[in-house]
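Just below is one structure, and these are the notes that go with it.
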Amino acid sequence: MSAEVVEIIQSMVDAETKGWDEKDIEPFLAMIHPDMAWPFAPNADAHDPIDWLFVLGRFDEEAWRNGYNELFAAHDLIHNRRTTAKIELAPTGDAAFAVVDIDTLWRNKATGADFH
368 MSAEVVEIIQ SMVDAETKGW DEKDIEPFLA MIHPDMAWPF APNADAHDPI
418 DWLFVLGRFD EEAWRNGYNE LFAAHDLIHN RRTTAKIELA PTGDAAFAVV
468 DIDTLWRNKA TGADFH
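Note that our numbering has the sequence shown beginning at 368, numbered continuously upward.
The following block contains the structure:
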């Protein structure tokens, strides 16, 4: 695997992590493809995609920005632990992905309820 590609992907993961830490959604939004549609696990234990659902729908930069800024305004970030478990490059060299173990905990400012 190309060390350069691994470095680029890791820098993207690091930029997103820093954005969450600083409640700055822009680094994340800047790397999203316009055709992205992102299903979410309904809870932290729902690892099987059969249980996932759509919260945001297809990527709409302004809508996603507003939604995440609402999350940031309503919650305190308690911790944001991210470990890159794997970076895989396709044999053709035209695609890659990262598997990132994410443990992020938010706390609602008004209710005190935790949100993973």
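No residue lacks a Cβ here, since even glycine has one placed at the ideal position from N, Cα and C.
From a predicted model like this one, the values you see are computed outputs, not experimental measurements.
- Message: If contact is defined by three or more beta carbon pairs under 8 Å, each pair taking one atom from either stretch, is the stretch 402-409 in contact with the stretch 421-434?
- Response: yes
- Message: So within the stretch 412-454, which uninterrupted beta strand (DSSP E) runs reach at least 3 residues, ignoring any that extend past its ends?
- Response: 420-425
- Excluding sequence positions up to five away, which residues of its chain have a Cβ less than 6 Å from the Cβ of Ala382? In the sequence shown, the residue the question calls residue 382 occupies position 15. For Ala382, where only same-chain residues beyond five positions count, the Cβ hits under 6 Å are Pro394.
- Tell me, please, whether the stretch 410-420 touches the stretch 371-379 by the rule of three or more beta-carbon pairs shorter than 8 Å. no
- Item | Distance between beta carbons of Ala463 and Ile399, contact taken as under 8 Å | As a position in the sequence shown, residue 399 is number 32, starting the count at 1. As a position in the sequence shown, residue 463 is number 96, starting the count at 1. Not confirmed; about 16 Å, so no contact.
- Message: Taking the alpha carbon of Ser378 as the reference point, which residue from Pro401, Ile445, Ala430, Thr450 has its own alpha carbon closest?
- Response: Numbered from 1 along the sequence shown, position 11 holds the residue referred to as residue 378. Per the Cα distances, Thr450.
- Roughly how many whole angstroms lie between the Cα atoms of Leu420 and Asp388? Translated into positions along the sequence shown, residue 420 becomes position 53. Translated into positions along the sequence shown, residue 388 becomes position 21. Computed Cα separation, rounded: 25 Å.
- Item | Endpoints, the beta strand (DSSP E) within which Ile469 is located | Reading the sequence shown from its first residue, position 102 is the one you call residue 469. Looking at the DSSP string, the run of the beta strand (DSSP E) that includes Ile469 is 463-475.
- Ile445 burial status per 10 Å Cβ neighbour count (16 or more: buried): Counted from its first residue, the sequence shown places residue 445 at position 78. Exposed is the call here.
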